[in-house]
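Chemist: Sequential numbering from 0 applies to the sequence shown in numbering that gives the first Met the number 0.
Backbone N, C-alpha and C define an ideal beta-carbon position, used for all residues, glycine too.
The model shown is predicted, which means the values in this text are computed figures rather than measured ones.
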Amino acid sequence: MLEVTPNHAVYVDGVFMAASSACVDGEMSMADGQRVTITSITHATGAIINPITASGTILAGPAGAAVLAGTVDFWAHNVCMRLVALPGPWNLVSGLVPSAFQASPFVETAFTRSAVMAALEAMAAAGVPFPIMAAACGVYDVVVCALFMAGHAAQLVGAVAALALGVAVVKATTPGRAKAGAAAVRT
Numbered sequence: 000m001l002e003v004t005p006n007h008a009v010y011v012d013g014v015f016m017a018a019s020s021a022c023v024d025g026e027m028s029m030a031d032g033q034r035v036t037i038t039s040i041t042h043a044t045g046a047i048i049n050p051i052t053a054s055g056t057i058l059a060g061p062a063g064a065a066v067l068a069g070t071v072d073f074w075a076h077n078v079c080m081r082l083v084a085l086p087g088p089w090n091l092v093s094g095l096v097p098s099a100f101q102a103s104p105f106v107e108t109a110f111t112r113s114a115v116m117a118a119l120e121a122m123a124a125a126g127v128p129f130p131i132m133a134a135a136c137g138v139y140d141v142v143v144c145a146l147f148m149a150g151h152a153a154q155l156v157g158a159v160a161a162l163a164l165g166v167a168v169v170k171a172t173t174p175g176r177a178k179a180g181a182a183a184v185r186t
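What follows is the structure, encoded as structure tokens:
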């Protein structure tokens, strides 16, 4: 059984669509590439768990029966799925402090239940061209990530420092680097 919100992007019959558009007898792709037929659709309420991935996709469902799904809502012409895979602050920050970003109620609300997201969804449904949607979503991405970073500055500084230290250690211990530097000094 797969439980998703009505607007969640699911991969049915070879295309991403809103879960509310899926129908009984539609086929979903499993992790191993096999196809599984939708046998029933029911409505329920519960908590939302929305992992953030750089690709915008995830295998969702019980072990051994996971299907391909999106980590974002489905908008007209799949705007969200196309945007989430683009490089940007969302991917950078979620990579630097993944557990804090995933667990943040602020991020969850900002990217799923905010008035701005509703306005962006309405723009997509109205047929606003993709480049304009990308720019609008990009600005919102920057604002949300900047506010998140302001609230998690210490964690981000620690993550960047750890990354810089790791790069320095790799450079210092990589064979051939010291010799190349020494040769350059002698000449």
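Contact defined as beta carbons within less than 8 angstroms: I believe Pro5 pairs with Ser28. What is the distance between those atoms, to the nearest angstrom?
Modeler: No, Pro5 and Ser28 are not in contact; Cβ-Cβ is about 20 angstroms, not under 8 angstroms.
Chemist: Identify which residue in Tyr10, His42 and Thr44 has its Cα closest to the Cα of Thr36.
Modeler: Tyr10
Chemist: What's the gap between the Cα of Thr172 and the Cα of Phe110?
Modeler: Separation of Thr172 and Phe110 (C-alpha to C-alpha, rounded to the nearest whole angstrom) is 41 angstroms.
Chemist: Between Ile40, Asp12 and Ser103, which lies nearest to Cys144 when the distance is taken from Cα to Cα?
Modeler: For Cys144, the nearest C-alpha among the options comes from Ser103.
Chemist: On the three-pair Cβ rule with 8 angstroms, is the region 118 to 137 touching the region 155 to 172?
Modeler: no
Chemist: Exposed or buried, which one is Ser39 when buried takes at least 16 other CB atoms within 10 Å?
Modeler: That one is exposed.
Chemist: Look at Val141 and Pro88 and say whether their C-beta atoms are less than 7 angstroms apart.
Modeler: In this structure, Pro88 lies closer than 7 angstroms to Val141 by Cβ.
Chemist: Met27 bridges to which residues according to DSSP?
Modeler: Val11 and Val35
Chemist: Need the endpoints of the alpha helix (DSSP H) that Ala124 sits in, please.
Modeler: Ala114 to Ala124
Chemist: For Glu2, which three-state DSSP category applies?
Modeler: coil
Chemist: Per DSSP, which one or two residues make a beta bridge with Ala17?
Modeler: Ala8
Chemist: Determine the direct distance from the alpha carbon of Pro97 to that of Gly126, and round the result to whole angstroms.
Modeler: The C-alpha of Gly126 lies about 33 angstroms from the C-alpha of Pro97.
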